[in-house]
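Below you'll find the structure, written out as structure tokens, and then a few comments.
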Amino acid sequence: MPRSKDATPLSPEELEIQAIQEKLKKALSEYGQGPFYCSGKFEVAPLDLILYYGEEDKTRRITLPNANGDKVKALAEACTKATFGMAQEDILDETYRKAGKMDVDCFALNFNPTSTGLLDRVRDDLLGLEPGMRNIRAELYKLNVYGPGSFFKSHVDTPRGETMFGSLVVVLPTAHEGGALHLRHHGKEFVHDSTLVQSAFPGTGNPSVVYVAFYSDVEHEVAEVTSGYRVTLTYNLYFKDTTLARPPTPSPDETVSSLLGDLLSQSAFLPEGGLIGFGLTHKYPIPQLAGKERSAPIAPLLNHLKGADVHILSVLKHLGLEHSLYVVYNLYDAIVMSQNVLSFKNSWQGHGPIDIALEEGAVMMVDKYLEPEARRPVTWILPMTRLNKIEAVFLAYGNDASLEHVYGNLALVVQVGKPGERSAIVPLKGKKLRKRRDEEEEEYEPSSDEDMPESG
Numbered sequence: 006m007p008r009s010k011d012a013t014p015l016s017p018e019e020l021e022i023q024a025i026q027e028k029l030k031k032a033l034s035e036y037g038q039g040p041f042y043c044s045g046k047f048e049v050a051p052l053d054l055i056l057y058y059g060e061e062d063k064t065r066r067i068t069l070p071n072a073n074g075d076k077v078k079a080l081a082e083a084c085t086k087a088t089f090g091m092a093q094e095d096i097l098d099e100t101y102r103k104a105g106k107m108d109v110d111c112f113a114l115n116f117n118p119t120s121t122g123l124l125d126r127v128r129d130d131l132l133g134l135e136p137g138m139r140n141i142r143a144e145l146y147k148l149n150v151y152g153p154g155s156f157f158k159s160h161v162d163t164p165r166g167e168t169m170f171g172s173l174v175v176v177l178p179t180a181h182e183g184g185a186l187h188l189r190h191h192g193k194e195f196v197h198d199s200t201l202v203q204s205a206f207p208g209t210g211n212p213s214v215v216y217v218a219f220y221s222d223v224e225h226e227v228a229e230v231t232s233g234y235r236v237t238l239t240y241n242l243y244f245k246d247t248t249l250a251r252p253p254t255p256s257p258d259e260t261v262s263s264l265l266g267d268l269l270s271q272s273a274f275l276p277e278g279g280l281i282g283f284g285l286t287h288k289y290p291i292p293q294l295a296g297k298e299r300s301a302p303i304a305p306l307l308n309h310l311k312g313a314d315v316h317i318l319s320v321l322k323h324l325g326l327e328h329s330l331y332v333v334y335n336l337y338d339a340i341v342m343s344q345n346v347l348s349f350k351n352s353w354q355g356h357g358p359i360d361i362a363l364e365e366g367a368v369m370m371v372d373k374y375l376e377p378e379a380r381r382p383v384t385w386i387l388p389m390t391r392l393n394k395i396e397a398v399f400l401a402y403g404n405d406a407s408l409e410h411v412y413g414n415l416a417l418v419v420q421v422g423k424p425g426e427r428s429a430i431v432p433l434k435g436k437k438l439r440k441r442r443d444e445e446e447e448e449y450e451p452s453s454d455e456d457m458p459e460s461g
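The numbering of the sequence shown is the numbering used here, which starts it at 6 and goes up by one.
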């Protein structure tokens with residue numbers, strides 16, 4: 006928030022803090038522009054590209070990459086029309102997606118991304134981990150065929166489970182033109198043309214496939230195929246070691262780690278300790294309550310952060326800072342944060358969303374009725390985004406009952422102690438009772454450090 010003309014000039018200490026914060030935000034924004042995909046060409050054994058499809062006595066065989074056009078066309082004709090997901094339903098609309106699909110029980114081939122070593126390459130390149138640091142698994146989802154005139158307009162995949170973090174698309178070696186895959190994330194675009202990749206990197210004589218892997222929140226589309234048939238295998242990617250209490254993270258970035266350390270070493274920055282926050286750069290499968298009465302914890306998602314988010318997490322671990330994921334809720338005249346996706350189904354007259362949130366252990370960040378010393382504002386290092394927006398509906402009572410909405414967003418919040426003892430903290434606890442100030446006093450207006458995503 007810009008300072009007014011009459012504001013007291015910043016002290017040298019405050020100017021130093023401001024300069025460090027700007028450098029830190031710049032470094033973190035560059036973090037957010039990091040890789041959201043990986044791609045390449047991968048050699049396989051000839052036996053890996055023998056494809057069988059069909060039912061019982063009608064089984065057919067294709068040997069790639071030497072199959073002629075008629076055989077690939079027969080594969081396309083054996084497919085059913087591909088659908089796409091919307092609002093938890095499968096939709097068939099060939100103005101949006103025109104392609105063929107074959108379910109996993111209708112085809113078989115020897116190629117396996119795990120046994121060939123392709124999955125290890127994807128893990129290391131996409132997640133940025135040292136070889137062998139963390140295990141992932143690939144689950145074969147579909148075979149798709151895009152013939153002449155086929156396409157798939159821009160869309161974002163729906164994660165199938167909390168541990169799913171991305172997709173792997175393997176393009177089999179068939180003759181075709183067009184069908185480039187366009188990937189978009191945070192204003193950046195990458196065009197993956199498998200035909201160019203296949204021809205640009207000469208191999209050793211063995212057959213090869215072209216692949217691209219990307220995070221599940223990346224927008225993507227398949228451009229129109231102009232000739233031939235583009236045949237792909239799609240795999241869902243999951244974190245495998247979900248039982249680990251603290252899965253390994255990438256090595257902390259030296260620049261970000263140094264800047265955050267410098268900021269926390271400033272005696273004028275949060276002199277009594279407090280909270281700092283980081284908005285997330287990726288979307289995650291948040292637990293859906295769908296009318297359930299019980300709340301759902303979000304702590305497990307901390308083990309599945311990706312991209313820039315997991316790199317920030319690695320810095321926090323390196324500095325020994327207490328951190329947690331929170332849902333930050335805008336509850337009209339209050340802002341609270343909770344480690345649960347809250348259910349407001351049991352709201353009733355005189356017992357509204359704020360009461361429910363506090364009973365669930367939520368921490369009050371801002372409340373116009375609450376004494377200033379009881380508030381727990383957050384200083385945002387990275388502003389919150391709306392990528393992980395949560396909406397809850399509850400029945401409000403007044404003169405007439407009506408449906409009301411509350412909104413929240415996911416953020417990574419760090420608790421720090423006083424300068425010199427930043428890791429010495431008292432665990433955050435929500436208050437069971439809401440101590441109100443005199444309601445006739447002037448209403449409290451949140452400061453810029455207590456910023457909150459829009460409601461609605």
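Note that the Cβ used here is the ideal one computed from N, Cα and C, for glycine as well.
Q23 counts as exposed, since fewer than 16 other C-beta atoms from the protein chains shown sit within 10 angstroms of its C-beta.
Listed as beta-bridge partners of I67 by DSSP are L56. One thing to note: V230 has its Cβ no nearer than 8 Å to the Cβ of L177. Around P276, the same chain offers K423 and P424 as residues with beta carbons nearer than 8 Å, after the five sequence neighbours per side are excluded. Around the beta-carbon of A72, 16 or more other beta-carbon atoms lie within 10 Å, marking it buried.
With contacts defined by Cβ atoms closer than 8 Å, L324 and L29 do not form a contacting pair. Residue pairing from DSSP places G284 in a beta bridge opposite A416. In this structure, G105 places its C-beta atom within 8 Å of the C-beta atom of A81.
Straight-line measurement puts the Cα of P358 at about 22 Å from the Cα of V418. Selection A143, S256 and R381 evaluated against G279 yields R381 as nearest (Cα-Cα). Per the coordinates, the alpha-carbon of V383 lies some 9 Å from the alpha-carbon of V371. Residues of the same chain with a CB within less than 8 Å of the CB of L33, apart from the 5 flanking positions on each side, are V261, F283, A313, I317, I386 and L387 in chain order.
Closest by C-alpha distance to Y337, out of A362, R299, H328 and L330, is A362.
H160 and N140 have their C-alpha atoms spaced approximately 28 Å apart.
As DSSP reads the structure, Y334 sits in a beta bridge with V341 and G413.
Assignment of alpha helix (DSSP H) within the stretch 181–215, counting only whole runs of 4 or more residues, yields 199–205 in chain order.
In terms of Cβ geometry, L307 and L285 do not form a close pair [threshold 8 Å].
A distance below 8 Å between beta-carbons, with the five flanking residues on each side excluded, links I281 to the following residues of its chain, in chain order: L275, V383, T384, W385, I386, V418, V419 and V421.
If you look at V315, you'll find it in the alpha helix (DSSP H) that goes A313 to H323. In the three-state reduction of the DSSP assignment, I96 falls in the strand class. Spanning the alpha carbons of L56 and H225 requires a straight line of approximately 27 Å. Contiguous beta strand (DSSP E) elements confined to the stretch 96–149 occur at 105–107 and 112–114, taking only those with 3 or more residues. In the structure shown, the three-state DSSP call for T231 is strand.
Scanning E48, S300 and I25 for the CA closest to the CA of V215 turns up E48. Secondary structure note for G266: its alpha helix (DSSP H) is the uninterrupted segment E259 to S270. Put simply, the backbone Cα of E60 is about 15 Å away from that of L148.
Per DSSP, A87 has no beta-bridge partner at all. Distances from the CA of A205 to each of N414, K46 and V368 were compared; the closest alpha carbon is that of K46. When secondary structure is reduced to three states using DSSP, L347 falls in the coil class, being assigned neither helix nor strand. Cα atoms of R189 and Y42: separation of roughly 10 Å, rounded to the nearest angstrom.
The beta carbon of C84 lies closer than 6 Å to those of G105, K106, M107 and V150 in the same chain, with the five residues before and after it left out. For the pair S221 and G171, the CB atoms are nearer than the 8 Å cut-off. The C-alpha of Y243 is placed about 12 Å away from the C-alpha of V127. Counted as a single uninterrupted DSSP element, the beta strand (DSSP E) harbouring I386 occupies residues V383 to L387. When DSSP states are grouped into helix, strand and coil, G74 belongs to the helix group. For E365, no beta strand (DSSP E) run applies, since DSSP gives it neither H nor E.
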